[in-house]
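These notes concern the structure reproduced below.
Numbering (the numbering used here), first residue to last: 709 to 1035.
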């Protein structure tokens, strides 16, 4: 068919054939139904692209009605021409939207708090997420110990934008901080019964009386009464706050005792010539805490504030005193 044509003419000829073939394929595909794909898998077929877009619009509106404004599909949802399988039929936009909703999950775009590559909580705005993390650091850092440097997280904690289930998006930074510090498990309470005392309640749940008081800081545990509701456990924190502190303490220095033998004193007798006085030593410590609990400490420096005064005892080295005899 191309006999007698030059190389340039032959190339043009084959290009024309390819173009005609591509146009034919496009015309054929244009006559095909339009499918809705979820993560690459077809789930519904419609007659035209316009009807497919209408189905997507209906599905998105229903998703927002159920889960709030801004809710999106968690999966990838696209449209494309695809032959209709023998076991399928063309759907209306409403039918296709209902079928699509059964195949997808809701998701909201938010700022995720990610702990060791795992999203745990999300908030709508970045500043809300940052505020929640600062609240966590404040809650899990001892307030009575001076800080050497700002607290940090032991885990790899970062913020990033992404999609997450709507029920994991919180609007209140304080609530987000509470979940991070107390875990995702709900808190457990005990209802005080007749005859119960705080120490017995603490033993029942395997905690110390001090821990029970820490969980209920506004309660006087010596005056609990029937019907009081005491918090006995909270979930494990989702993060670990590491804080470095400097503490200065004063310690007593024991005084030495010096014994001096005095031959002129009767044997066995002891006379205090000088009373001993303890000295005082100042010690600077570096303390490492995790979630408010001390895990280790290191002595930084020591300074003597007051030297101890030795106690001097005179010990008799002569003959014992004669015992008195009663007639």
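Note that beta-carbon positions come from the ideal geometry of N, C-alpha and C, so glycine has one too.
query, result
"Ranges of the beta strand (DSSP E) found wholly within the region 726-805, counting only runs of at least 3", "742-746, 749-754, 779-781 and 785-789"
"Residue nearest to residue 888 in terms of C-alpha spacing, selected from 942, 1001 and 798", "942"
"Residue 1008 - DSSP class collapsed to helix/strand/coil", "strand"
"Where residue 855 sits in the DSSP three-state scheme", "strand"
"7 Å CB neighbourhood of residue 959 in its chain, flanking five on each side removed", "989 and 991"
"Limits of the beta strand (DSSP E) - the one that residue 965 falls within", "965-970"
"First through last residue of the beta strand (DSSP E) which encompasses residue 995", "987-998"
"Residue environment, residue 1084, which counts as buried when at least 16 other CB atoms sit within 10 Å", "The chain is shown only over 709 to 1035; residue 1084 falls outside these bounds and no answer can be derived."
"Residue 889 - containing alpha helix (DSSP H), residue span", "881-890"
"Which of helix, strand or coil DSSP assigns to residue 915", "coil"
"Residue 939, enclosing beta strand (DSSP E) - first and last residue", "937-941"
"Three-state class that DSSP yields for residue 842 in the structure shown", "helix"
"Helix, strand or coil at residue 832 [DSSP, three-state]", "coil"
"Boundaries of the beta strand (DSSP E) in which residue 958 is found, first to last residue", "949-961"
"Buried or exposed by the 16-neighbour rule on C-beta atoms within 10 Å, applied to residue 815", "buried"
"Pick from 862, 1017 and 780 that is closest to residue 981, judged by C-alpha positions", "1017"
"Neighbour-count burial assignment, residue 791, 16 or more Cβ in a 10 Å radius", "exposed"
"Distance between residue 828 and residue 919 (C-alpha atoms, nearest Å)", "27 Å"
"Cβ-Cβ separation, residue 961 to residue 987 (assumed contact under 8 Å), whole Å", "3 Å"
"Nearest-angstrom Cα separation, counted from residue 903 out to residue 926", "22 Å"
"Cβ separation of residue 1024 and residue 955, assumed to be a contact under 8 Å, to the nearest whole Å", "Actually they are not in contact, since the Cβ atoms of residue 1024 and residue 955 sit about 48 Å apart, beyond 8 Å."
"Segment contact, 8 Å Cβ cut-off, at least three pairs: the region 848-855 with the region 868-879", "no"
"One or two residues paired with residue 1021 in a DSSP bridge", "967 and 980"
"Cβ-Cβ distance between residue 746 and residue 769 below 8 Å", "no"
"Burial state of residue 946 (16 or more Cβ within 10 Å)", "buried"
"Through-space distance from residue 907 to residue 932, alpha-carbon basis", "11 Å"
"Extent of the continuous beta strand (DSSP E) to which residue 873 belongs", "First-last for residue 873: undefined, no H or E at that position."
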